[in-house]
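Colleague:
2 protein chains.
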Amino acid sequence: MEFKEAKNKFVQTWGALGSQWGINKTMAQIHALLMVSNEAVSMEDIMEELQISRGNASMNLRALMDWGIVYKEFKAGERKEFFTAEKDLDELAAKISRERSKREIKPALKILKEVSTIEAKDSAEEKHFVDQTSKLYDFVLKADNMLDKMTEFNENWLGKLVIKMMK
Amino acid sequence: MEFKEAKNKFVQTWGALGSQWGINKTMAQIHALLMVSNEAVSMEDIMEELQISRGNASMNLRALMDWGIVYKEFKAGERKEFFTAEKDLDELAAKISRERSKREIKPALKILKEVSTIEAKDSAEEKHFVDQTSKLYDFVLKADNMLDKMTEFNENWLGKLVIKMMK
DNA sequence: TTAAACTTTCAAAAATAATTGAAAGTTTGT
DNA sequence: ACAAACTTTCAATTATTTTTGAAAGTTTAA
Numbered sequence: 001m002e003f004k005e006a007k008n009k010f011v012q013t014w015g016a017l018g019s020q021w022g023i024n025k026t027m028a029q030i031h032a033l034l035m036v037s038n039e040a041v042s043m044e045d046i047m048e049e050l051q052i053s054r055g056n057a058s059m060n061l062r063a064l065m066d067w068g069i070v071y072k073e074f075k076a077g078e079r080k081e082f083f084t085a086e087k088d089l090d091e092l093a094a095k096i097s098r099e100r101s102k103r104e105i106k107p108a109l110k111i112l113k114e115v116s117t118i119e120a121k122d123s124a125e126e127k128h129f130v131d132q133t134s135k136l137y138d139f140v141l142k143a144d145n146m147l148d149k150m151t152e153f154n155e156n157w158l159g160k161l162v163i164k165m166m167k
Numbered sequence: 001m002e003f004k005e006a007k008n009k010f011v012q013t014w015g016a017l018g019s020q021w022g023i024n025k026t027m028a029q030i031h032a033l034l035m036v037s038n039e040a041v042s043m044e045d046i047m048e049e050l051q052i053s054r055g056n057a058s059m060n061l062r063a064l065m066d067w068g069i070v071y072k073e074f075k076a077g078e079r080k081e082f083f084t085a086e087k088d089l090d091e092l093a094a095k096i097s098r099e100r101s102k103r104e105i106k107p108a109l110k111i112l113k114e115v116s117t118i119e120a121k122d123s124a125e126e127k128h129f130v131d132q133t134s135k136l137y138d139f140v141l142k143a144d145n146m147l148d149k150m151t152e153f154n155e156n157w158l159g160k161l162v163i164k165m166m167k
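Going down the list, the sequences are from chains A and B.
All the letters of the first sequence, read from the start, carry residue numbers 1 to 167 under full-length UniProt numbering.
All the letters of the second sequence, read from the start, carry residue numbers 1 to 167 under full-length UniProt numbering.
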């Protein structure tokens, strides 16, 4: 396999994987492209490589920057903007967990707490509901805290964690 | 908040959360409904509670069973089928990780290996590509193994893990 | 201040994904 | 063998999400 083919395959795969995890395909593809580029890439080049419109490129780059995993870069003497991706994978994972926690898990926890604290009366049905949602609340809270902990570790938390789990 | 309202809120929230993680809304809602039901529920009742068609219910129940997180149940004297969800949350998480690993991560790893082992020639661009995709391969492999490990733990791996991480 | 070189916005169009419902399929009891 | 009681399938429809492209906005340089 030659370079161009490999690069394309990687970008496509990353895009497909993104879709399956609720991330828009183009966003994942742009991210993939930037991850494997050794230098900052212009919007023009992104459009060209992925065959997408200017609007699409602009919006998805904005979204990636909101996630904190893509940065704008300015080159001396150049008017246009260039983009680079966070390339440190521990940092990337930490940022993604932090955002997903903030955007999705925390709000879900709030609802879980609300619904798990209703007055359960005496029916088995209601008791089971309260019991199950309480357990779910605890579980999600614990999982979310674990993600938090990961982001606290300063480097290679995944490797350290795997070692701890082996013991 | 009264029971019916709480239950509905839970089902809606779980459905919305599912969407954000690439799981079809109805599938997540059916799962939510079964999780908090203290007894097995018929397709008829699911259709009624979620206001969905028979076809939709049938297909999503099938998908949930393929994921191994919903089971068919038969009641003596009843012709129709009833459904229950896996209610043990450790077991639920284990099954979900196992399936996602099999369906998405393993195939992605295969591609990552392919593209990271191309002949890198001498350009900085190609060297960076091989370097970055290799790192990504290692990272994803490690994360995937961690998920495997979790499923091996027989009970409350999440709690144990959180304790280990504190140390 | 003007205009060139860019980027952003957003309504409309296109693409994708989910849902319906009725026909076909299956199972069970008589 | 028949028919009642169910479930599954899938082509057509509907809903949702993504993408486009052109107008509006912004920044820089002369």
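Here a beta-carbon is modelled for each residue, glycine too, at the ideal position from N, C-alpha and C.
Please tell me whether residue 124 of chain A and residue 8 of chain B are closer than 8 Å, where the distance is taken between their beta carbons.
Modeller: As a first step, residue 124 of chain A is located in the first sequence; it is residue number 124 there, counting from the start. As a first step, residue 8 of chain B is located in the second sequence; it is residue number 8 there, counting from the start. Not a contact, by the Cβ cut-off of 8 Å.
Colleague: Out of A/40, A/87 and A/116, state which residue places its alpha-carbon closest to the alpha-carbon of residue 76 of chain A.
Modeller: Position 76 of the first sequence holds residue 76 of chain A. The candidate whose alpha carbon is nearest that of residue 76 of chain A is A/40.
Colleague: Do you know whose CA, among B/23, B/72 and B/16, lies nearest residue 169 of chain B's CA?
Modeller: Any question about residue 169 of chain B goes unanswered here, given that chain B covers just 1 to 167.
Colleague: At a Cβ cut of 7 Å, what residues of the region 119 to 146 of chain B count as close to chain A, listed as they run along the chain?
Modeller: Per Cβ criterion, the list reads 124, 125, 126, 128, 129, 132, 133, 135, 136, 139, 142, 143, 145 and 146.
Colleague: With a threshold of 8 Å between beta carbons, is residue 44 of chain B in contact with chain A?
Modeller: Taking the second sequence and counting its residues from 1, one reaches residue 44 of chain B at position 44. Cβ-Cβ to chain A under 8 Å: no for residue 44 of chain B.
Colleague: Under the assumption that residue 64 of chain B contacts residue 27 of chain B (Cβ atoms under 8 Å), give the Cβ distance between them as a whole number of angstroms.
Modeller: Your numbering for residue 64 of chain B matches position 64 in the second sequence. Your numbering for residue 27 of chain B matches position 27 in the second sequence. Contact flag correct, Cβ pair sits at about 6 Å.
Colleague: Between the alpha carbons of residue 20 of chain A and residue 109 of chain B, how many angstroms are there, rounded?
Modeller: For this step, residue 20 of chain A is matched to residue 20 along the first sequence. For this step, residue 109 of chain B is matched to residue 109 along the second sequence. Spanning the two alpha carbons is a distance of roughly 15 Å.
Colleague: Pull out every residue of the region 62 to 96 of chain B whose Cβ sits closer than 7 Å to any Cβ of chain A, in chain order.
Modeller: Correct list: 87 and 89.
Colleague: Residues of chain B with CB closer than 7 Å to the CB of residue 13 of chain A, please, in chain order.
Modeller: Taking the first sequence and counting its residues from 1, one reaches residue 13 of chain A at position 13. Within 7 Å Cβ-Cβ: 108 and 111.
Colleague: Under a CB-based cut-off of 8 Å, is residue 6 of chain B close to chain A?
Modeller: Reading the second sequence from its first residue, position 6 is the one you call residue 6 of chain B. Residue 6 of chain B counts as touching chain A.
Colleague: Is residue 29 of chain B close to chain A, meaning its C-beta is less than 8 Å from at least one C-beta of that chain?
Modeller: What you label residue 29 of chain B is simply residue 29 of the second sequence in a count that begins at 1. Output row for residue 29 of chain B: interface = no.
Colleague: Quick check: residue 17 of chain B and residue 44 of chain A, are their CB atoms within less than 8 Å of each other?
Modeller: Counting from one through the second sequence, the residue named residue 17 of chain B turns up at place 17. Counting from one through the first sequence, the residue named residue 44 of chain A turns up at place 44. No.
Colleague: Please report how far the alpha carbon of residue 57 of chain B lies from the alpha carbon of residue 74 of chain A, in whole angstroms.
Modeller: On the second sequence, residue 57 of chain B is found 57 positions in, with the first residue counted as 1. On the first sequence, residue 74 of chain A is found 74 positions in, with the first residue counted as 1. C-alpha separation (whole angstroms): 53 Å.
Colleague: Would you mind telling me which residues of chain B sit closer than 7 Å to residue 38 of chain A, beta carbon to beta carbon, in chain order?
Modeller: Indexing the first sequence from 1 puts residue 38 of chain A at position 38. The contacting residues are 124, 125 and 128.
Colleague: Counting only C-beta atoms, is residue 55 of chain A closer than 8 Å to chain B at any point?
Modeller: By one-based count along the first sequence, residue 55 of chain A stands at place 55. No, because no Cβ of chain B sits closer than 8 Å to the Cβ of residue 55 of chain A.
Colleague: Can you tell me the Cα-Cα spacing of residue 160 of chain B and residue 146 of chain B, whole angstroms?
Modeller: Within the second sequence, numbered from 1, the residue matching residue 160 of chain B stands at position 160. Within the second sequence, numbered from 1, the residue matching residue 146 of chain B stands at position 146. Rounded to whole angstroms, residue 160 of chain B to residue 146 of chain B spans 14 Å at the Cα level.
Colleague: Under the three-state reduction of DSSP, which class applies to residue 153 of chain A: helix, strand or coil?
Modeller: By one-based count along the first sequence, residue 153 of chain A stands at place 153. Three-state result, residue 153 of chain A: coil.
Colleague: Go ahead and label residue 35 of chain A buried or exposed: buried means 16 or more other beta carbons lie within 10 angstroms of its beta carbon, across all protein chains shown.
Modeller: Start at 1 with the first residue of the first sequence, and residue 35 of chain A comes out as number 35. It is buried - the Cβ of residue 35 of chain A has at least 16 other Cβ atoms within 10 Å.
Colleague: What does the alpha-carbon distance come out to for the pair residue 254 of chain A and residue 97 of chain A?
Modeller: For residue 254 of chain A there is no data in the structure shown, the boundaries of chain A being 1 and 167.
Colleague: For residue 85 of chain B, which beta-bridge partners are listed by DSSP?
Modeller: Taking the first residue of the second sequence as 1, we reach residue 85 of chain B at position 85. In DSSP, residue 85 of chain B forms a bridge with B/70.
Colleague: Pull up the CB-CB distance for residue 33 of chain A and residue 46 of chain A, whole angstroms please, since I reckon it's below 8 Å.
Modeller: Here residue 33 of chain A refers to the residue found at position 33 when the first sequence is read from its first residue. Here residue 46 of chain A refers to the residue found at position 46 when the first sequence is read from its first residue. With a Cβ gap of about 6 Å, residue 33 of chain A and residue 46 of chain A count as contacting.
Colleague: Output the distance between the C-alpha atoms of residue 127 of chain B and residue 88 of chain A, rounded to the nearest integer angstrom.
Modeller: If you number the second sequence from 1, residue 127 of chain B lands on position 127. If you number the first sequence from 1, residue 88 of chain A lands on position 88. Spanning the two alpha carbons is a distance of roughly 16 Å.
Colleague: Are the C-beta of residue 41 of chain A and some C-beta of chain B separated by less than 8 Å?
Modeller: Sequence index remark: in the first sequence, residue 41 of chain A carries index 41 (1-based). No, because no Cβ of chain B sits closer than 8 Å to the Cβ of residue 41 of chain A.
Colleague: Using alpha carbons as the reference points, say which of B/102, B/138, B/106 and B/101 lies closest to residue 117 of chain B.
Modeller: Your numbering for residue 117 of chain B matches position 117 in the second sequence. Of the candidates B/102, B/138, B/106 and B/101, the one whose C-alpha sits nearest the C-alpha of residue 117 of chain B is B/138.
Colleague: Under 7 Å between beta-carbons, which chain A residues line up against residue 17 of chain B? List them in chain order, please.
Modeller: As a working mapping, residue 17 of chain B is identified with position 17 in the second sequence. Residues of chain A passing the Cβ test: 104 and 108.
Colleague: Can you tell me which residues form a DSSP beta bridge with residue 41 of chain A?
Modeller: Here residue 41 of chain A refers to the residue found at position 41 of the first sequence. DSSP lists A/83 as partners of residue 41 of chain A.
Colleague: Does the CB of residue 181 of chain A have a neighbour CB from chain B at under 8 Å?
Modeller: In the structure as shown, chain A starts at 1 and stops at 167, and residue 181 of chain A therefore has no counterpart that could be examined.
Colleague: Would you call residue 174 of chain A buried or exposed, if buried means 16 or more other Cβ atoms sit within 10 Å of its Cβ?
Modeller: The requested residue 174 of chain A does not occur in the structure, where chain A is confined to residues 1 to 167.
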